[in-house]
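Peer 1: Attaching a single structure in structure tokens format; questions to follow.
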Amino acid sequence: MAIYRVVPDIWSVGAVDWDIRSFHGPSYSTHRGTTYNAYIIKDDKTALVDTVHLPFAAELIANLKQIDGLTAIDYVIVNHIEPDHSGALPEIMNIYPQATVVCTAKAREGLVRYFDTDGWTWKIVKTGDSLELGHHTLRFIETPMMHWPDNMITYIPQKQLLLSNDAFGQHLAWSHPFDDQNPMEDIMAEAQKYYANILTPFSKIVANKLKDILAMNLDIKIIAPSHGIIWRSHPEKILEAYSRWANAEADPKALVVYDTMWGSTEKMTRAILEGIARAGVSAVLFKASASDSNDIMAQLLEAKAIVVGSSTINNDMLVPVAAFLEEVKGLKPAGKLGAAFGSYGWRGGAVESIEKQLAEGKVELALDSLKVQWAPDEEFLGKCRDWGFALGTKIKG
Ligand code: FEO
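Note that numbering that gives the first Met the number 0 gives residue 87 to position 88 of the sequence shown, counting from 1, and the numbers run on in steps of one.
This is how it looks when you write it as structure tokens:
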């Protein structure tokens with residue numbers, strides 16, 4: 000990517016990954032690509048904040064060469080050690096061996112395991128520490144579990160600029176780096192998906208850290224994360240959204256996820272959906288085997304209830320539903336109501352397994368489960384509608 004001036008003396012010098020469709024190995028679908036943002040601050044002393052994923056190291060190095068008068072880097076600030084940000088660090092240290100690596104104690108623990116760090120100079124920082132570059136001060140704030148234990152963010156008061164690394168990011172490739180240059184709908188959709196799939200398990204920590212940051216009374220005009228666009232016109236949008244997500248605020252909406260073998264569970268699903276709608280509650284429906292689980296999780300973040308249905312196979316639920324619930328169990332979304340339904344032939348099992356998985360994911364069952372043997376007749380479909388209506392009424396509160 001080209002270099003972009005964020006504010007005077009500070010440039011975005013990272014890389015845009017248009018082609019990536021799977022992040023974190025196979026565990027996160029990135030339909031809109033991503034970026035690995037890195038920032039250079041030119042002052043009496045020069046600091047590089049974060050690097051990029053290793054395959055993009057040459058791009059970062061070429062970008063640095065375009066910065067007028069940049070002959071040395073005095074500090075490399077490692078806000079986070081995950082390889083999408085630290086992968087190019089050894090190459091940077093080879094080119095600028097005099098640079099001091101600035102990071103948290105936890106980050107150093109990880110970096111010495113990832114890389115050959117012999118000969119590197121370190122400065123270990125914690126919340127409250129700062130570094131003077133000349134006309135700019137870097138203030139460091141530890142943000143453990145946003146996203147790993149090593150994370151920190153870097154605030155530059157002279158520019159009212161927060162370099163937030165993973166926090167407030169989105170997997171979104173761009174040709175122009177700022178929020179006002181991209182469709183806000185796309186940005187928020189990707190920010191929501193990012194939070195849902197990466198930060199949900201740490202929501203309590205995120206909520207407390209947001210409170211801490213607010214209590215510091217930092218004057219924040221621009222938030223520049225290490226993925227996606229830079230928030231220069233609407234930082235309040237992402238701060239408000241994080242507060243909502245971290246505090247598990249949800250809409251009166253149902254997320255219905257199901258799968259079916261011969262159509263019985265599917266018929267139930269449609270009838271349940273009608274019942275939920277009759278109660279005045281909106282619902283979104285996903286067939287597990289035909290849907291991207293990361294996209295489902297993004298919807299779950301703002302839905303009050305999760306309704307899960309499956310046919311029975313081998314006395315258990317269908318595999319796509321099981322895989323989805325395994326993710327729910329891992330993410331442990333707070334404050335959700337749950338409900339289970341399904342069908343079976345001779346011995347049941349699917350509905351009981353769904354109930355168990357929802358409970359393990361800390362989802363509270365809102366009403367008794369609903370199941371049918373063989374196939375639902377018209378009378379039973381009426382029961383499904385009533386069941387959906389009862390659920391919708393509970394969702395409305
Ligand atoms: Fe973008 Fe936790 O790495």
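Glycine included, every Cβ here is placed at the ideal spot set by N, Cα and C.
How is Arg4 classed by DSSP in three states: helix, strand or coil?
Peer 2: Correct three-state label for Arg4: strand.
Peer 1: To the nearest angstrom, how far is it from the Cα of Ser15 to the Cα of Leu284?
Peer 2: Looking at the sequence shown, residue 15 is not Ser but Val. Cα to Cα, Val15 sits roughly 33 Å from Leu284.
Peer 1: So who's on the other strand from Phe139, going by DSSP bridges?
Peer 2: Thr153
Peer 1: Relative to the ligand FEO, is the shortest distance from any of its heavy atoms to the C-beta of His226 smaller than 7 Å?
Peer 2: yes
Peer 1: Would the stretch 130 to 138 and the stretch 172 to 186 be scored as touching if the rule is three or more Cβ pairs under 8 Å?
Peer 2: The stretch 130 to 138 is not in contact with the stretch 172 to 186.
Peer 1: Could you have a look at Ala289 and say whether DSSP puts it in helix, strand or coil?
Peer 2: helix
Peer 1: Please report the residue range of the alpha helix (DSSP H) in which Val362 lies.
Peer 2: Segment: none, Val362 is in no alpha helix (DSSP H) and carries neither H nor E.
Peer 1: Relative to the alpha-carbon of Leu317, which residue among Pro251, Ser232 and Lys286 has its alpha-carbon at the smallest distance?
Peer 2: Of the listed residues, the one whose Cα sits closest to Leu317 is Lys286.
Peer 1: Can you give, in chain order, each stretch of the beta strand (DSSP E) that sits fully within the stretch 53 to 121 and has at least 3 residues?
Peer 2: Complete beta strand (DSSP E) runs here, min 3: 74 to 76 and 99 to 102.
Peer 1: Buried or exposed: Glu141, going by 16 or more other Cβ atoms within 10 Å of its Cβ?
Peer 2: The residue is buried, with at least 16 neighbouring Cβ atoms inside 10 Å.
Peer 1: Could you please give the first and the last residue of the uninterrupted beta strand (DSSP E) stretch that includes Ala338?
Peer 2: First-last of the beta strand (DSSP E) with Ala338: Leu336 to Tyr343.
Peer 1: Within 10 angstroms of the Cβ of Thr70, are there 16 or more other Cβ atoms? Answer buried if so, exposed if not.
Peer 2: exposed
Peer 1: Mapping DSSP to helix, strand and coil, what is Gln180?
Peer 2: If DSSP states are grouped into helix, strand and coil, Gln180 belongs with the helices.
Peer 1: Mind listing, in chain order, the residues whose beta carbon lies closer than 5 Å to a non-hydrogen atom of the ligand FEO?
Peer 2: Glu81, Asp83, His146 and Asp165
Peer 1: Straight-line CA distance for Tyr74 to Ala98?
Peer 2: 5 Å
Peer 1: Just mark Gln191 as buried or exposed, buried being the case when its beta carbon has 16 or more other beta carbons within 10 Å.
Peer 2: buried
Peer 1: How close, in whole Å, do the beta carbons of Asp165 and Met145 come, if the pair is a contact with beta carbons under 8 Å?
Peer 2: 6 Å
Peer 1: Locate the beta strand (DSSP E) running through Glu131, then write down its first and last residues.
Peer 2: Run containing Glu131: Ser129 to Glu131, per the beta strand (DSSP E) assignment.
Peer 1: Does the beta-carbon of Lys125 have 16 or more other beta-carbons within 10 angstroms, so that it is buried, or is it exposed?
Peer 2: exposed
Peer 1: Use the C-beta contact count for Gln356: other C-beta atoms within 10 angstroms, 16 or more gives buried, fewer gives exposed.
Peer 2: buried
Peer 1: Name the residue from Lys382, Glu326, Ala339 and Ser368 whose alpha carbon lies nearest to the alpha carbon of Gly360.
Peer 2: Gly360 has its Cα closest to that of Glu326, out of Lys382, Glu326, Ala339 and Ser368.
Peer 1: Tell me where the alpha helix (DSSP H) around Leu209 begins and ends.
Peer 2: Ser202 to Ala214
Peer 1: The beta strand (DSSP E) that contains Tyr194, what's its start and end?
Peer 2: No beta strand (DSSP E) contains Tyr194, which DSSP labels as neither H nor E.
Peer 1: Who pairs with Thr126 in a beta bridge, going by DSSP?
Peer 2: Paired residues: none, contrary to the question.
Peer 1: Could you please give me the residues that DSSP links to Met145 through a beta bridge?
Peer 2: Note: Met145 sits in no beta bridge, so no partner.
Peer 1: Going by CA-CA distance only, name the one from Trp173, Gly348 and Phe388 that's closest to Ala365.
Peer 2: Phe388
Peer 1: What's the gap between the Cα of Ile197 and the Cα of Tyr343?
Peer 2: 35 Å
Peer 1: Under the three-state reduction of DSSP, which class applies to Leu299: helix, strand or coil?
Peer 2: helix
Peer 1: Please name the residue in Leu88, Leu380, Ala339 and Thr45 whose C-alpha comes closest to that of Ile60.
Peer 2: Leu88
Peer 1: Is Pro234 helix, strand or coil by DSSP?
Peer 2: DSSP places Pro234 in helix when its eight states are reduced to three.
Peer 1: Hey, would you say Ile222 sits closer than 8 Å to Leu300, going by beta carbons?
Peer 2: no
Peer 1: May I ask you to report which of helix, strand or coil DSSP gives Met260?
Peer 2: coil
Peer 1: Which one or two residues does DSSP pair with Asn164 in a beta bridge?
Peer 2: Pro224
Peer 1: When you compare the stretch 8 to 22 with the stretch 104 to 113, are there three or more beta-carbon pairs, one atom per stretch, that lie closer than 8 Å?
Peer 2: no
Peer 1: Inspect the CB distances between the stretch 241 to 249 and the stretch 369 to 388 and report whether three or more fall short of 8 Å.
Peer 2: Contact between the stretch 241 to 249 and the stretch 369 to 388 is not established, with fewer than three Cβ pairs separated by less than 8 Å.
Peer 1: Thinking Ala297 and Ala195 are a contact (beta carbons under 8 Å), I'd like their distance in whole angstroms, please.
Peer 2: 5 Å
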